[in-house]
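For the sequence shown, our numbering begins at 18 and goes up steadily by one.
The structure appears right after this line, and notes come after that.
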Amino acid sequence: MDTVLSVYLYDADIMIVLPETVEDVVVKLLRLSNTRLSHDIGWALEAAAGWETNEIAYSQLGCIMDNVKKAEFLGKPMCQDTGVPIFYVSGRFDTSVRDEISNGIRRATKEIPLRPNAVDPLTRENTGDNLGEGMPIIHYHPTDDDFMEITVLPKGAGSENMTRLAMLNPSEGVDGVKRFIIDTVLNAGGRPCPPSIVGVGIGGMSDTCVSMAKEALLMPIDKRNPDPVLDALEEELFIKLNESGLGPMGLGGNSTVLAVRIKKACCHTASLPVAVNIGCWATRRATARIMPNGTVEYIQEGE
Ligand code: SF4
18 MDTVLSVYLY DADIMIVLPE TVEDVVVKLL RLSNTRLSHD IGWALEAAAG WETNEIAYSQ
78 LGCIMDNVKK AEFLGKPMCQ DTGVPIFYVS GRFDTSVRDE ISNGIRRATK EIPLRPNAVD
138 PLTRENTGDN LGEGMPIIHY HPTDDDFMEI TVLPKGAGSE NMTRLAMLNP SEGVDGVKRF
198 IIDTVLNAGG RPCPPSIVGV GIGGMSDTCV SMAKEALLMP IDKRNPDPVL DALEEELFIK
258 LNESGLGPMG LGGNSTVLAV RIKKACCHTA SLPVAVNIGC WATRRATARI MPNGTVEYIQ
318 EGE
């Protein structure tokens, strides 16, 4: 069942009120995330071009930024791999949100269009609409807020395939954690389309650790980590990875990563899980906040 919402369209010179459903919001989120890079990542790309000293790397960054501008201007996806959309729903919501997200994905696949990427894992048969068994992927976080927030993170395979989890021995400590993160990024080479955002989860159990690593990609990259220990770790890894020489698309240079973002949670005393989920230069994300009166605010980081 669709929920009819009154939505104020801030894009217009004159504020007009049109009915919009949650399904419409999902289509708009998928369009926004695929055609417009969040400003925090755009600024980070420009900053990287400022410190890059390798000529080939500098031209790679220029091509990426040119591509981003053209995608926004033309309203076309910035990459041919429009990914698998991962949804995060928080606040106050009911079970109809799942059907509305499915309908939104189906429509967006045709209208934007998005590349149909969902296949059966064994037969490799394509479902054709980015849905199917186990789809859509939605993480639910109910809260006491009176609004609902929907965030989408379309995740391409090039970066997702480089995801790694290590169940370290606790005796390996922080040095073992750093070693694993650096090795994972460098072994991935150019495959996740650097310059990357490195999402890291530390602690939890194996499943929550991997989830945290992906959720870390949603953290704005133009703000410091509020945890001073993680903040220092992020900065140290950022410097070391950019000194590695891997560079944009793995072709050499000193702009391998745009940011390292880390989340942590308590873990078993006999465990030290660490997960890395790499976001490519096209780390696409967008959020809609739907208020109880039906107004919708679209949010991309850095605005
Ligand atoms: S890793 Fe990212 S930039 Fe590279 S092909 Fe996949 S979605 Fe596109």
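Using N, Cα and C, we set each Cβ at its ideal position, and we do this for glycine too.
| If we count the other Cβ atoms within 10 Å of its Cβ and call it buried at 16 or more, is N186 buried or exposed? | Exposed, by the Cβ-count rule.
| What first and last residue would you give for the beta strand (DSSP E) that runs through S314? | Note that residue 314 corresponds to Glu in the displayed sequence, not to Ser. That run of the beta strand (DSSP E) goes 313 to 316.
| query | Just to check, is the beta-carbon of C80 closer than 6 Å to a non-hydrogen atom of the ligand SF4? | reply | A distance criterion of 6 Å places the beta-carbon of C80 beyond contact range of the ligand SF4, judged by its closest non-hydrogen atom.
| For G322, the residue or residues it bridges with in DSSP | With the chain represented from 18 up to 320, any question about residue 322 goes unanswered, as that position is not in the structure.
| Just the Cα atoms here: how many angstroms apart are L330 and I73? | With the chain covering only 18 through 320, there is no way to say anything about residue 330.
| message | For P133 and S176, which I take to be in contact (beta-carbon distance under 8 Å), what is that distance rounded to the nearest angstrom? | response | About 19 Å; that fails the 8 Å criterion.
| request: Go ahead and label G151 buried or exposed: buried means 16 or more other beta carbons lie within 10 angstroms of its beta carbon, across all protein chains shown. | output: It counts as exposed.
| said: Can you look up G207 in the DSSP assignment and give me helix, strand or coil? | reply: The answer is coil: DSSP assigns G207 none of H, G, I, E or B.
| Ordered along the chain, which non-local residues of its own chain (more than five positions away) have a Cβ less than 6 Å from that of G149? | Hits under 6 Å: A135.
| query | When the distance is taken between beta carbons, is E318 closer than 7 Å to S55? | reply | Yes, Cβ-Cβ distance for S55 and E318 is below 7 Å.
| request: Using 10 angstroms around the beta-carbon of F90, count the other beta-carbons present and answer buried if the total reaches 16, otherwise exposed. | output: Its Cβ having fewer than 16 others within 10 Å, F90 is exposed.
| task | For E253, collect the residues of the same chain with a Cβ closer than 8 Å to its Cβ; drop the 5 residues on either side in sequence, then sort them by chain order. | result | The residues are K195.
| task | Starting from the Cα of L263, find the closest Cα among V101, K281, M222, N204 and give me that residue. | result | Distance from the Cα of L263 is smallest, within the candidate group V101, K281, M222, N204, for N204.
| task | Ignoring anything shorter than 3 residues or poking outside the stretch 230 to 287, list the beta strand (DSSP E) runs there in chain order. | result | Taking only runs of at least 3 residues, the beta strand (DSSP E) segments lying wholly in the stretch 230 to 287 are 274 to 282.
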